Structures are given as structure tokens and as C-alpha cells.
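Accompanying notes for the structure given below.
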Amino acid sequence: MSGYALDPAWSIALESLEPLVQQLYEEPYQQRQLILKQLSELQAKLDALCGLLGQESPFECLDKSLSPLDQIAVVSKWICSERQSKVQVMKTRYFQICSKLPDWTCAFPEIEMLRNSDLNICAEALSLIVNKAEMRLTAIHNILHTITPIATKIPVLHIPIHIQHQLDELSCIQTSSALENEPNLPILFPELEKNLENALHELLDLKCMLDTKLSILITEIETLWKDLETSDDQRISLENDLHKIDKYEDLCESLRKLWKQKMEKHVDELLVIIKDLWLKCFVSEQHCTTFLNNINQDLYSPSTIEILRAEIAMLNQRYAVYQEIYEKINDRNALINKMKEFETSASDPRRLFRPSFQLVEEERFRKTCYPTLLRIESKLRASIVSAEHDHGEPFILDNSRYLNVLEAEIADRFVNENIFVLDRLGHRKTPSASSLLRQDQATYHHYPATLARSGAIQTTLKSNKLDHSQSMTPTPHSTHGQCANSNTVYTTMRHRSGSTTPLRKTQLIVR
Numbered sequence: 002m003s004g005y006a007l008d009p010a011w012s013i014a015l016e017s018l019e020p021l022v023q024q025l026y027e028e029p030y031q032q033r034q035l036i037l038k039q040l041s042e043l044q045a046k047l048d049a050l051c052g053l054l055g056q057e058s059p060f061e062c063l064d065k066s067l068s069p070l071d072q073i074a075v076v077s078k079w080i081c082s083e084r085q086s087k088v089q090v091m092k093t094r095y096f097q098i099c100s101k102l103p104d105w106t107c108a109f110p111e112i113e114m115l116r117n118s119d120l121n122i123c124a125e126a127l128s129l130i131v132n133k134a135e136m137r138l139t140a141i142h143n144i145l146h147t148i149t150p151i152a153t154k155i156p157v158l159h160i161p162i163h164i165q166h167q168l169d170e171l172s173c174i175q176t177s178s179a180l181e182n183e184p185n186l187p188i189l190f191p192e193l194e195k196n197l198e199n200a201l202h203e204l205l206d207l208k209c210m211l212d213t214k215l216s217i218l219i220t221e222i223e224t225l226w227k228d229l230e231t232s233d234d235q236r237i238s239l240e241n242d243l244h245k246i247d248k249y250e251d252l253c254e255s256l257r258k259l260w261k262q263k264m265e266k267h268v269d270e271l272l273v274i275i276k277d278l279w280l281k282c283f284v285s286e287q288h289c290t291t292f293l294n295n296i297n298q299d300l301y302s303p304s305t306i307e308i309l310r311a312e313i314a315m316l317n318q319r320y321a322v323y324q325e326i327y328e329k330i331n332d333r334n335a336l337i338n339k340m341k342e343f344e345t346s347a348s349d350p351r352r353l354f355r356p357s358f359q360l361v362e363e364e365r366f367r368k369t370c371y372p373t374l375l376r377i378e379s380k381l382r383a384s385i386v387s388a389e390h391d392h393g394e395p396f397i398l399d400n401s402r403y404l405n406v407l408e409a410e411i412a413d414r415f416v417n418e419n420i421f422v423l424d425r426l427g428h429r430k431t432p433s434a435s436s437l438l439r440q441d442q443a444t445y446h447h448y449p450a451t452l453a454r455s456g457a458i459q460t461t462l463k464s465n466k467l468d469h470s471q472s473m474t475p476t477p478h479s480t481h482g483q484c485a486n487s488n489t490v491y492t493t494m495r496h497r498s499g500s501t502t503p504l505r506k507t508q509l510i511v512r
């Protein structure tokens, strides 16, 4: 300060104030520097938070004329808004996924602050439900990945409606990341996975059934072409494609009609052969009925002819092996039936009016039938035992071992000894005329009463040199009989002791 002289006293005073002024200046400056440093650190944290939120740093687009405090205030407000938006996005996504998981019971966390820990709680809740949905989607996708190729090989009309409906609903699940497309995602019920597994098994069974049916159709069509002698230019290429199964069914049906017209007679002839072999082999009625029921659904078809031929071949082979046994069984049954018929006819009062040669035959049969039956059964038993030994297996008829059945029938059999001659010991007896008469009259003692009342015959008495002075009186038990080889009627008297004595014989003269 030129022109002025500073008072030395003032100079000393000012110099003493200089440290104080410098101290007053440095303290706010240091405080300002500290605040600027803190602001810089806060800005770095805000930049990091923006990166966590997936946003660019907002400081780059702020007005540079703003003070750092104003910039921080703006960014802080923006960050709070972004945090609220982020929480709302997570909450919205949470409830969208929850609507697809009806069995999910956890609630979305309620937060009051917008701290990082609060955001982490919300993010963790969202992560849990996303993982649950993705696990279920992955399982469903894996099953669909197996079902889809199978379903595409089956004609749509053959797929059950409920399975087709499920496949249409789940068509949006093309990948395991289909969770990103929530609006089109179906509700992921907990039983959906089980239902798809059942649908998979059902489709596999359906495909197996259709494959078998297609194979049978192709074989049948080729057989029909061969039987109908169809030329090659009239045939089509038969592919193993299930989508053509309906076309092949129509073709097969038309060929069956042509074949039926040509082959009905052949099938009927085979049925006659089979029924004859069934009779020869004594096949049970239940087996015959079941066999016919199985082929009656499609009687006139190539497959039926193959079945008939196979049955005939089996029966022929069995008959060739056991022919001797079958013939003996047939002989035994025929003899038993004849004995039953004879036993029925023996009670006919008109028997004595038959020709004499017929009576002779009947008498011979009466004496020989039962011993003959025993011989047949003995040979039959021996043949069965020999066959079982040769073939190493029991001889079966009607699901039972026939040897046991035969023994049971023999053990339970009852033979009328008043009609048939039972030669159990194998002795050939030659009974006298009176004994034959007594045996005959034991069965037919009511015939003479019928003859006496008829008036259609007249009798001539001949002397029989009997002493009529014997003290025997005819009783109501007198019996009459006729010899099988003549028209002579013998009259006998039965004693009270049960024995009989011939009195006379009467010659029958038929008018």
C-alpha cells in the first residue's frame, strides 16, 4: 500500500491474526474434501446398485451443472423407484407362476424397506417357486418327449379322446424352459405327470395292438390274394404304416367277401372233418364249444382255415397215437348203450310176439354181453397202461386221467342180474331148459296173462307124461314162458318154497 505507512502496531496485530485466519479456512476445506470423498464413494455404490439392477449408471446422463449433492439426490430417488419396480416385477412373476402351481402354499414375503436384504428375500422366494415349476416342467417335457413320437405314429382317429386333449393342451411345452411363456402354459397340476405316464403306457399298448392288427391284416391280405389268385398288377404295396391301417381294413374286408364266396364250402368241409375227429377222439363238449365260439366271429377267413387245419393236424396226430384206445372206448360205450336199450326193451310185454330168430339173438346177447364188456374193459385198461408207459404221460380225456375215470365207473356200476348173465368167474355155464325158463320167467312172468287174454291164439295140449296125482295145487304164483327157438309155451308152477316144476307145454298157433 504505497502512499500509506502501516503502523507498526497494526502490522504486529495483523501478523498475529494470520494463523487464526488460516486455521478457520483449513477446517471447512478439510470438511468439504471429506464430504466430496464420501459423495464419491456413495456414487460408486450407486453405480454398483445400478449394475445389480441391470441398468446403466445414471450419473453419465445427469446435468453436469448440478452439484454433487443434487446429483446424488437425483440418483437416490431413481434407485428407490427402480427397487420398488424390481420388487413389483418379482411379485407379479411370483403370482403368475403360483397360478400354474395349484399345490404351492408359500406366500410372497411382505417388505417395508427397500434394503438390499429385503430385495434378496423377495428374490429367494421367487427362485424357490421358479425351481419348483421348472422341475415339474422338466418331468412333463421328458414324458412328452417320449409320448410325441409314439402319438405321431398312431392315426389320430385311433388315439383316445382324453389323451389327444392332453397332448393338445401341452403342445406349448416344446422345451423345458417353457416357463418363460406363462400365459400359454397350462396349469401344472401335481397329478399331471402321473396322468401323462398312464397315457404313455396306454399309447404303448395301443400301438402294440395296432402293430399286431396291421401285421395280421397284411398277412391276411397277402393270403387272400394268393387264394384268390390275384395278379401282381392288381395288388398294391403293403407298407408297415399304421396310418394306412383303415385303408388296409377296407381292402381286407372286400377281399374277404370275394374269398367267402369261394371258400365257404371248403370251411364247411373242414368243420365236418373236425367234428368227426372230435367224436373219434372223445373231445369234451366244452372244448368244442369254446373252439367254435373263437372262430365264429370271423368264420370264413384265411386265418380261420389255418386254425382249422392246425386243429385237424393235431387231432389226426393224436388219433394216430391213441387209435387203439379210442376204438376200444367206442366199443365199450356202444356195448353199454346197447345193454341199456336191451334192459329197457326187456320190460315190453310185446316182446314174445317178435320173430323167433330175433328172440334167439336177444337171448344170446343177454348171456354174452356182460362177459364181453369185462373183456373189452380189460383190454382197454391194458392199452391205456401201455400207452402211458410208452409216452411218459397220462392218457387224458376231458381234462381227467381216463384210467381213473374208467376205474371209478366200473366200481360204481350196477348190473341188473335178473336180466344179464354175470359170468364173474369166467366159467361157461350151459343151463338146462328149465333153468333158462326160470331165468326168462323171472323177468317176463306177466307175459302169459297177456297172451291168455288176447284170444288171438289157440293152444293144443300135449301129454308131458307128468304124474298129475302129485299132491301139488297150482297157486297164483304159477308162471309161463316161451322158448326162444319154438312156438311152445311152457307152464310151470312155483312152490311155496320158491322152486318151480314144469306142468305142461302148449303149442302156439298164430292165426
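Here our numbering is used: the first residue of the sequence shown is 2, the next is one more, and so on. In this text, a Cβ means the ideal position worked out from N, Cα and C, and glycines have one as well. It should be emphasised that the depicted structure is a prediction, and the values quoted were computed from it without experimental measurement.
Could you compute how far the alpha carbon of E410 sits from the alpha carbon of L404? Mapped onto the sequence shown, residue 410 falls at position 409. Mapped onto the sequence shown, residue 404 falls at position 403. Using only the alpha carbons, I get a separation of about 10 Å.
Which same chain residues, not among the five before or five after I151, have their C-beta less than 7 Å away from its C-beta? On the sequence shown, position 150 is the one that residue 151 refers to. If we look at I151 and ignore the five residues flanking it on each side, its Cβ neighbours are L204, L205 and K208.
For I122 and Q32, what's the separation of their Cα atoms in angstroms? By 1-based counting over the sequence shown, the position of residue 122 is 121. By 1-based counting over the sequence shown, the position of residue 32 is 31. Approximately 38 Å between the Cα atoms of the pair.
Can you give me the Cβ contacts of K380 inside the same chain, cut-off strictly under 8 Å, excluding the 5 residues immediately before and after it? For the purposes of this step, residue 380 is taken as residue 379 along the sequence shown, with counting starting at 1. The beta carbon of K380 lies closer than 8 Å to those of K329 in the same chain, with the five residues before and after it left out.
Per DSSP, cross-strand counterpart(s) of R402: Locating residue 402 in the sequence shown gives position 401, counting from the first residue. Paired residues: I397.
Could you tell me if Y491 is buried or exposed, where buried requires 16 or more neighbouring beta carbons within 10 angstroms of its beta carbon? If you number the sequence shown from 1, residue 491 lands on position 490. Bear in mind that a pLDDT of 36 at Y491, under 50, signals an unreliable position, so the number given afterwards is only what the model happens to contain. With at least 16 other beta carbons inside 10 angstroms of its own, Y491 counts as buried.
I need the boundaries of the alpha helix (DSSP H) containing Q262, first residue and last residue. Position 261 of the sequence shown holds residue 262. Element bounds for Q262: I246 to K281.
For M264, is the classification buried or exposed, using 16 other Cβ atoms within 10 angstroms of its Cβ as the cut-off for buried? By 1-based counting over the sequence shown, the position of residue 264 is 263. Classification for M264: buried.
Using a Cβ-Cβ distance under 8 Å, would L360 count as near chain C? Here chain C cannot be found, since the structure has a single protein chain.
State the CB to CB distance for the pair I80 and L102, rounded to an integer number of angstroms; the pair is presumed to be in contact (CB under 8 Å). Taking the first residue of the sequence shown as position 1, residue 80 is located at position 79. Taking the first residue of the sequence shown as position 1, residue 102 is located at position 101. Taking a contact as a CB-CB distance under 8 Å, the pair I80 and L102 does not count as one, their CB atoms being some 33 Å apart.
What would DSSP say about C516, mapped onto helix, strand or coil? The displayed coordinates of the chain run from 2 to 512. Any statement about residue 516 would go beyond what the structure contains.
Go through its chain and collect everything with a Cβ distance to R414's Cβ below 6 Å, but skip five positions before and after it. Numbered from 1 along the sequence shown, position 413 holds the residue referred to as residue 414. Beyond the five residues adjoining it in sequence on each side, R414 comes within less than 6 Å, by CB distance, of no other residue in the same chain.
Got a sec, what are the start and stop residues for the alpha helix (DSSP H) V157 sits in? Looking up residue 157 in the sequence shown gives position 156. Following the DSSP letters along the chain, one finds V157 in no alpha helix (DSSP H), marked with neither H nor E.
Rank L145, R355, V157 and I397 by C-alpha distance to the C-alpha of D247 and give the top, closest one. Taking the first residue of the sequence shown as 1, we reach residue 247 at position 246. Taking each of L145, R355, V157 and I397 in turn and checking the Cα distance to D247, the smallest one comes out for V157.
With DSSP as the reference, label Y301 as helix, strand or coil. Residue mapping note: residue 301 aligns to position 300 of the sequence shown, counting from 1. It is coil, neither helix nor strand.
Proximity winner among S86, W226 and N117, relative to I237 (alpha-carbon distances): Sequence index remark: in the sequence shown, residue 237 carries index 236 (1-based). Out of S86, W226 and N117, W226 has the C-alpha closest to the C-alpha of I237.
Helix or strand or just coil, what does DSSP make of H478? Reading the sequence shown from its first residue, position 477 is the one you call residue 478. Note that H478 scores a pLDDT of 36, beneath 50, so its modelled location is shaky; the value from the coordinates is reported in the next line. Three-state DSSP puts H478 in coil, outside helix and strand.
In chain order, what residues of the same chain lie with their CB nearer than 7 Å to the CB of E211, ignoring the 5 residues before and after it? Walking along the sequence shown from the start, residue 211 turns up at place 210. A quick correction: the sequence has Leu, not Glu, at residue 211. Correct list, in chain order: I155, H159, L243 and I246.
Tell whether a beta-carbon distance below 8 Å holds between R94 and L120. Locating residue 94 in the sequence shown gives position 93, counting from the first residue. Locating residue 120 in the sequence shown gives position 119, counting from the first residue. Cβ atoms of R94 and L120: not closer than 8 Å.
Figure out for me which residue from S232, H390 and F190 has the closest Cα to the Cα of D104. The sequence position of residue 104 within the sequence shown is 103, counting from 1. The residue with the shortest Cα to Cα distance from D104 is F190.
Exposed or buried, which one is I306 when buried takes at least 16 other CB atoms within 10 Å? Against the sequence shown, residue 306 aligns to sequence position 305. Answer is buried; the Cβ neighbour count reaches 16.
Do the CB positions of L201 and I222 come within less than 8 Å of each other? The residue you call residue 201 lines up with position 200 of the sequence shown. The residue you call residue 222 lines up with position 221 of the sequence shown. Not a contact, by the Cβ cut-off of 8 Å.
Less than 8 Å between the beta carbons of P110 and A126, yes or no? Along the sequence shown, one-based indexing puts residue 110 at 109. Along the sequence shown, one-based indexing puts residue 126 at 125. For P110 and A126, yes; Cβs fall inside 8 Å.
Please state whether DSSP places S472 in a helix, a strand or coil. Taking the sequence shown and counting its residues from 1, the one referred to as residue 472 is at position 471. With a pLDDT of 35 at S472, under the threshold of 50, the modelled position of this residue cannot be trusted, and the question is left open.
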